[in-house]
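Report on one structure; see the data block that follows.
Protein chains in written order, with the numbering used here: chain A, 4 to 279; chain B, 12 to 303.
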């Protein structure tokens, strides 16, 4: 009995793992398959697994259903501006919190932690009213400005800076290096892994974001890709799944490409954020 | 020289100024503003017509049935998601814990949905759960089981949304637990093996206590994250059918343009719940959690 079990066990465990893997991957393969089917094929029973003739036209139909160039441009501008501004704001703040002593430091840093815990789902109404008062609602700024201070990033980068030995900084100061130079030539290069982690994290969360643009935008001109795709259901009809899935593929591909090339880094980034 | 001194004293504040501006302007001030709004009957068209009404909004919240429905829905969702995700990711993590190539591939695969937009995830699952032509019902029927109406029925809509959230997030928590498991020094297991401890005993007496800080962390972020659920509800059911999936944030969202004061008061309640959860968790569970 135990002798036989030994030979069954390995293939069985492999099979089980493959099944589990499929549960998480198959929906995406199904999305791609559907995006290339005809409307008729989406209705067949049993389902059409592989479309007989790939319907590339579904993609142009989806992309013509709304101002998708604008949506894509907005997504790109918002995502990259957020990352750029966050990094520029975060580095000096993290350095000051890590390496300087000043009155009120603890209280100010506790504000950072507090901000980390208050979600946008709580603050979106006042933030919207405020930005509307400033006349910014018809621009992309409501999707960029509120994220200028990345509390999680400041926290993580500060930890990283604190681990960099004080002697390195002191010896640079003896060489008459300015603080700006110390940050730019020593701190930043030495904390590249942390910065990459934070940037990847921001990229994924802002490219994917749906809630914030939904509550901050009133017109198509400033909406991102996620909203455009979600609206396909209204513009193309609820039963046109081949078109909806084609739009969906367009939304997913950039993230999947990044994941393909940086999967180790992304996995590390997410795990690190979870452990610290 | 004096100038330099002054600059050195001011410098830290200058360096944190942009970050603090962002935090004060877009988080702390809005919280204060939210609390203020919650005491008003706010007029979006004409701000001067906004009226201070004291705690009326709060009285209204706690006397309205739809608020309790939303709260209950959120609690049901949270319990479902937290329990299922925690149990399943723990099982998968223990199962895939060994450092093998195929295990790493499976882990990366399970993690994929977590980095995909909730919009895509929701749409793909809506298509899978489509009652007439969806794949899930096809599978059920192939195995001789009756199909389900999934999102279109008030008795199954919530569980359908829970399934989607669990599916999307399991990979992330699996990775965290795997990292925790791999940080346990092998020497501890070797000592247990010498004592002839059974596998289950080792898990319960050694593994579980040693990873409890991470499990505790997961519990907190999952609970708080679940209380904020919105995107899946908005896209997949629009809070329906018949309010069966209206959660707290969706409830706030629905009132956000027509009754800003009322929506704000509900926002304050949500914030209080999140704060309370954090405190309670830290108080109660930190006593039972094993820290190294």
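From the three backbone atoms N, C-alpha and C, an ideal C-beta is built for every residue, glycine too.
Quick caveat, the model's predicted, so the values are computed rather than measured.
Residues of its chain near residue i, where Cβ-Cβ distance is below 7 angstroms and the 5 sequence neighbours each way are ignored
| i | result |
| --- | --- |
| residue 98(A) | 164, 186 and 190 |
| residue 14(A) | none |
| residue 80(A) | 143 |
| residue 96(B) | 177, 180, 181, 184 and 233 |
| residue 257(B) | 80, 81, 84 and 250 |
| residue 203(A) | 265, 268, 269 and 272 |
| residue 163(B) | 142 and 252 |
| residue 197(A) | 159, 160 and 163 |
Own chain partners of residue i with C-beta closer than 8 angstroms, once the 5 adjacent residues on each side are dropped
| i | result |
| --- | --- |
| residue 3(A) | This structure gives no information on residue 3(A), because the portion of chain A shown stretches from 4 to 279. |
| residue 167(B) | 159, 160 and 161 |
| residue 116(A) | 154 and 158 |
| residue 65(A) | 71, 235, 239, 246, 247, 249, 250 and 253 |
| residue 98(B) | none |
| residue 268(B) | 55 |
| residue 199(A) | 268 and 272 |
| residue 303(B) | Any reading at residue 303(B) needs caution, since the residue's pLDDT is 41, under 50, leaving its predicted position unreliable; the model's value is listed next. Only 221 and 224 meet the Cβ criterion. |
| residue 131(A) | 140, 145, 218 and 219 |
Anticipated Cβ contact below 8 angstroms, residue i with residue j, distance rounded
| i | j | result |
| --- | --- | --- |
| residue 246(A) | residue 239(A) | 5 angstroms |
| residue 136(B) | residue 105(B) | Their Cβ separation, rounded to whole angstroms, is 27 angstroms, which puts residue 136(B) and residue 105(B) out of contact at 8 angstroms. |
| residue 218(A) | residue 127(A) | 5 angstroms |
| residue 213(A) | residue 38(B) | Wrong, their Cβ atoms sit about 20 angstroms apart, outside the cutoff. |
| residue 276(B) | residue 88(B) | Contact doesn't hold; Cβ gap of about 22 angstroms is too wide. |
| residue 279(B) | residue 46(B) | 6 angstroms |
| residue 146(B) | residue 33(A) | 6 angstroms |
| residue 114(A) | residue 285(B) | Not a contact, Cβ separation roughly 17 angstroms. |
| residue 51(B) | residue 272(B) | 5 angstroms |
| residue 187(B) | residue 92(B) | In fact, because the Cβ distance is near 16 angstroms, the residues do not count as touching under 8 angstroms. |
| residue 225(B) | residue 191(B) | 4 angstroms |
| residue 23(B) | residue 31(A) | Contact doesn't hold; Cβ gap of about 48 angstroms is too wide. |
| residue 243(A) | residue 62(A) | No, residue 243(A) and residue 62(A) are not in contact; Cβ-Cβ is about 13 angstroms, not under 8 angstroms. |
| residue 29(A) | residue 120(B) | Not quite, the Cβ-Cβ distance comes to about 10 angstroms (not below 8 angstroms), so this is no contact. |
| residue 46(A) | residue 57(A) | With a Cβ gap of about 18 angstroms, residue 46(A) and residue 57(A) do not count as contacting. |
| residue 26(B) | residue 192(A) | About 19 angstroms separates the two Cβ atoms, so there is no contact after all. |
| residue 146(A) | residue 216(A) | 6 angstroms |
Residues near residue i in its chain [Cβ-Cβ closer than 6 angstroms; skip 5 each side]
| i | result |
| --- | --- |
| residue 102(A) | none |
| residue 114(B) | 107 |
| residue 151(A) | 88 and 92 |
| residue 133(B) | 243, 246 and 247 |
| residue 209(A) | 82 and 85 |
| residue 195(B) | 221 |
| residue 200(B) | none |
Under 8 angstroms by beta carbon: chain A residues contacting residue i
| i | result |
| --- | --- |
| residue 168(B) | Those do not exist, as residue 168(B) stays about 16 angstroms from chain A at its closest Cβ, beyond 8 angstroms. |
| residue 348(B) | No statement about residue 348(B) is possible, as the shown extent of chain B runs from 12 to 303 and does not include it. |
| residue 239(B) | 122 and 124 |
| residue 282(B) | 121 and 125 |
| residue 146(B) | 33 and 50 |
| residue 67(B) | Chain A residues near residue 67(B): none, gap ~17 angstroms exceeds 8 angstroms. |
| residue 113(B) | 17 and 20 |
| residue 242(B) | 213 and 214 |
Chain-ordered chain B contacts of residue i [CB-CB under 9 angstroms]
| i | result |
| --- | --- |
| residue 248(A) | 134, 135 and 138 |
| residue 85(A) | Here the premise fails: no neighbours, minimum Cβ distance about 11 angstroms. |
Residues that residue i bridges to, as DSSP identifies them
| i | result |
| --- | --- |
| residue 63(B) | 51(B) |
Within chain B, partners of residue i - CB distance below 8 angstroms
| i | result |
| --- | --- |
| residue 105(A) | 20, 23 and 24 |
| residue 93(A) | 30 |
| residue 23(A) | 103, 117 and 121 |
| residue 9(A) | Within chain B, no residue comes near residue 9(A); the closest Cβ sits about 17 angstroms away, beyond 8 angstroms. |
| residue 37(A) | 138 |
Within chain A, the residues that residue i reaches when beta carbons sit closer than 7 angstroms
| i | result |
| --- | --- |
| residue 278(B) | 125 and 128 |
Proximal residues of chain B, C-beta to C-beta of residue i below 7 angstroms
| i | result |
| --- | --- |
| residue 229(A) | 128 and 130 |
| residue 98(A) | 26 |
| residue 207(A) | 126 |
Chain A residues whose Cβ lies nearer than 9 angstroms to that of residue i
| i | result |
| --- | --- |
| residue 186(B) | 270, 273, 274 and 277 |
| residue 48(B) | 128, 129 and 132 |
| residue 149(B) | 48, 49 and 50 |
Cβ-based contacts, 9 angstroms cut-off: residues of the segment 118 to 137 of chain B near chain A: 118, 119, 120, 121, 122, 123, 124, 125, 126, 127, 128, 129, 130, 131, 132, 133, 134, 135, 136 and 137
Relative to chain A, which residues along the segment 28 to 43 of chain B have a C-beta separation below 7 angstroms, given in chain order? Hits within the stretch, in order: 29, 30, 31, 33, 34, 37, 38, 39, 41 and 42.
Residues, ordered as in the chain, of the segment 252 to 276 of chain B that lie near chain A by beta-carbon distance below 8 angstroms: 260, 263, 264, 267, 271, 274 and 275
Check distances from the C-beta atoms of the segment 232 to 266 of chain A to those of chain B and list, in chain order, the residues that come in under 7 angstroms. 232, 233, 244, 247, 248, 251, 254, 255, 258, 262 and 266
Under 9 angstroms (Cβ pairs) to chain B, residues found in the segment 147 to 158 of chain A: 148, 149, 150, 151, 152, 153, 154 and 157
What residues in the segment 180 to 198 of chain A bring their beta carbon closer than 8 angstroms to a beta carbon of chain B? 182
Using a Cβ-Cβ cutoff of 7 angstroms, what residues of the segment 53 to 82 of chain A are near chain B? List them in chain order. Here the close residues number zero.
Taking beta-carbon pairs under 8 angstroms, can you tell me which members of the segment 81 to 97 of chain B lie near chain A? none
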